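Student:
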Amino acid sequence: AFADTMAEVFEQLAILVAKYGKPIIIASEFGSGYIDAQVGKLAVQKGIPCYLLPDHAAAVLSKLAQYAEYRRNLSPHGSSVLGPECQDNKS
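Mapping the sequence shown onto full-length UniProt numbering, position 76 (from 1) lands on 76, and the numbers just tick up by one.
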């Protein structure tokens, strides 16, 4: 029952990730190594990283934000890091 519920939660989260193109990271603090392992396994099966501690998840989100800012600064429009010679020109 618990595993089925969590599998459905992660299925819905995976749909949201695909729809909006934004990463989701979770931190599992169930307090049980077995439950944490099961939650982590279900999350990873859906492509959602699962960390055991919130500070680890926060550190990853911080690095993702820094990377996004870095990529935005590479291009004047923030849309591509590829030069014109590498982009698909459909003129």
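Virtual Cβ for every residue (Gly too), placed ideally from N, Cα, C. Since the structure is predicted, the reported quantities are computational estimates derived from the model, not experimental observations.
Span of the alpha helix (DSSP H) holding Glu29?
Tutor: Start at 1 with the first residue of the sequence shown, and residue 29 comes out as number 29. Element bounds for Glu29: n/a, residue is neither H nor E.
Student: I'd like to check one pair, Val60 with Ile24: are the Cβ atoms closer than 8 angstroms?
Tutor: Against the sequence shown, residue 24 aligns to sequence position 24. Against the sequence shown, residue 60 aligns to sequence position 60. Their beta carbons are not under 8 angstroms apart, which means Ile24 does not touch Val60 by this criterion.
Student: Can you find the residues in the same chain that come closer than 8 angstroms, C-beta to C-beta, to Ile48, ignoring five residues on each side of it along the sequence?
Tutor: Residue mapping note: residue 48 aligns to position 48 of the sequence shown, counting from 1. Cβ within range, chain order: Phe10, Leu13, Ala14, Val17, Ile24, Ile25, Ile26.
Student: Are the beta-carbon atoms of Gln38 and Ala3 separated by less than 8 angstroms?
Tutor: Working through the sequence shown from its first residue, we reach residue 38 at position 38. Working through the sequence shown from its first residue, we reach residue 3 at position 3. Yes. Within cutoff.
Student: Could you check where the alpha helix (DSSP H) with Ile15 kicks off and where it finishes?
Tutor: Counted from its first residue, the sequence shown places residue 15 at position 15. Run containing Ile15: 2 to 20, per the alpha helix (DSSP H) assignment.
Student: Between the C-alpha atoms of Leu53 and Leu74, what's the straight-line distance to the nearest angstrom?
Tutor: Position 53 of the sequence shown, counted from the first residue, corresponds to residue 53. Position 74 of the sequence shown, counted from the first residue, corresponds to residue 74. Taking the straight line joining both Cα atoms gives about 32 angstroms.
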